[in-house]
Amino acid sequence: AEIEAAIESKQQWIFKKINEQRERSVRRLQPPMEWRDGAELPYLGEDITLRVSDIGSMAGVRFDEDARELHVSLPASASEQQLKDRVQGWLQTEAKRLFAERLAVYAEKLGVTFKSFALSSAATQWGSCTADGRIKLNWRLMHFALPNIDYVVAHELSHLREMNHGPQFWATVQSALPEFEQARKTLRDHEPDSLPKF
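The numbering of the sequence shown is our numbering, which starts it at 170 and goes up by one.
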């Protein structure tokens, strides 16, 4: 009787967790991204279209924000890995720029100073912060909308005031980003291995 009562009292939570697990499983079963002209790639929370063209010796990557297209110049003989490398390089350059901007905004909000920041390629972590102020942010965050990036930035900077995940830490995160819970849930539901493979 006690077990049945416990299950009944936690029924909503149990169903919620079962549904979350099903959603994760469905995402994992989706076919991997095809790296080719016309493929879609998540960028800042919305899909952009890859446009691959061979324009002689001109090499580079250009983002057309209005058309939501990423133009990548590669020779016709280029491999899929070369396309991946070119796109990854562009995403990492964009990540450095955007993360630097967002770190400055949230460091000021929280009244903290960080020593340095670097990009991470961690398989299971969106960010990290050391006690001496060294912050790492996963460049794959560039696939998510800005509020999700801001959450990780605010989270890591909050560790400069609270090096734990206790109530004071979460109050600090909330002081900088009141709506952090939705971003936290979004990132929990999307492990880095569910994103396009590079």
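Virtual Cβ for every residue (Gly too), placed ideally from N, Cα, C.
Checklist entry - Contact check, aspartate 206 vs valine 221 under 8 Å by CB: the rounded distance? => result For the purposes of this step, residue 206 is identified with residue 37 of the sequence shown, where counting begins at 1. For the purposes of this step, residue 221 is identified with residue 52 of the sequence shown, where counting begins at 1. About 4 Å; that satisfies the 8 Å criterion.
Item to check | Validate contact between the stretch 315-327 and the stretch 346-353 using beta carbons, cut 8 Å, 3 pairs | outcome: yes
Next on the checklist: On the criterion of 16 or more Cβ atoms from any shown chain inside 10 Å, does methionine 332 qualify as buried, or is it exposed?
Outcome noted: As a working note, residue 332 is residue 163 in the sequence shown. The residue is exposed, with fewer than 16 neighbouring Cβ atoms inside 10 Å.
Checklist entry - Between the Cα of glutamine 343 and the Cα atoms of Trp182, Arg357, Tyr320 and Ala247, which residue gives the shortest distance? => result Start at 1 with the first residue of the sequence shown, and residue 343 comes out as number 174. The residue with the shortest Cα to Cα distance from glutamine 343 is Tyr320.
Checklist entry - Would the beta-carbon of arginine 303 fall within 8 Å of that of serine 327? => result As a working mapping, residue 303 is identified with position 134 in the sequence shown. As a working mapping, residue 327 is identified with position 158 in the sequence shown. Cβ distance not < 8 Å, so arginine 303 and serine 327 don't count as in contact.
Checklist entry - Counting pairs of Cβ atoms below 8 Å between the stretch 271-283 and the stretch 293-311, do you hit three or more? => result yes
Item to check | Supposed close pair alanine 208, leucine 219 - CB separation, criterion 8 Å | outcome: Sequence index remark: in the sequence shown, residue 208 carries index 39 (1-based). Sequence index remark: in the sequence shown, residue 219 carries index 50 (1-based). 5 Å between Cβ atoms; contact.
Checklist entry - Once you ignore the five residues that flank threonine 355 on each side, which residues in its own chain have a CB closer than 6 Å to its CB? => result For this step, residue 355 is matched to residue 186 along the sequence shown. So the qualifying residues of the chain are Asn317.
Item to check | Beta-carbon contacts of leucine 288 that lie in its chain and below 8 Å, excluding the five residues immediately before and after | outcome: Walking along the sequence shown from the start, residue 288 turns up at place 119. Excluding residues within five positions, the ones whose Cβ falls inside 8 Å are Gln261, Ala264, Lys265, Phe268, Lys305, Leu306, Asn307 and Trp308.
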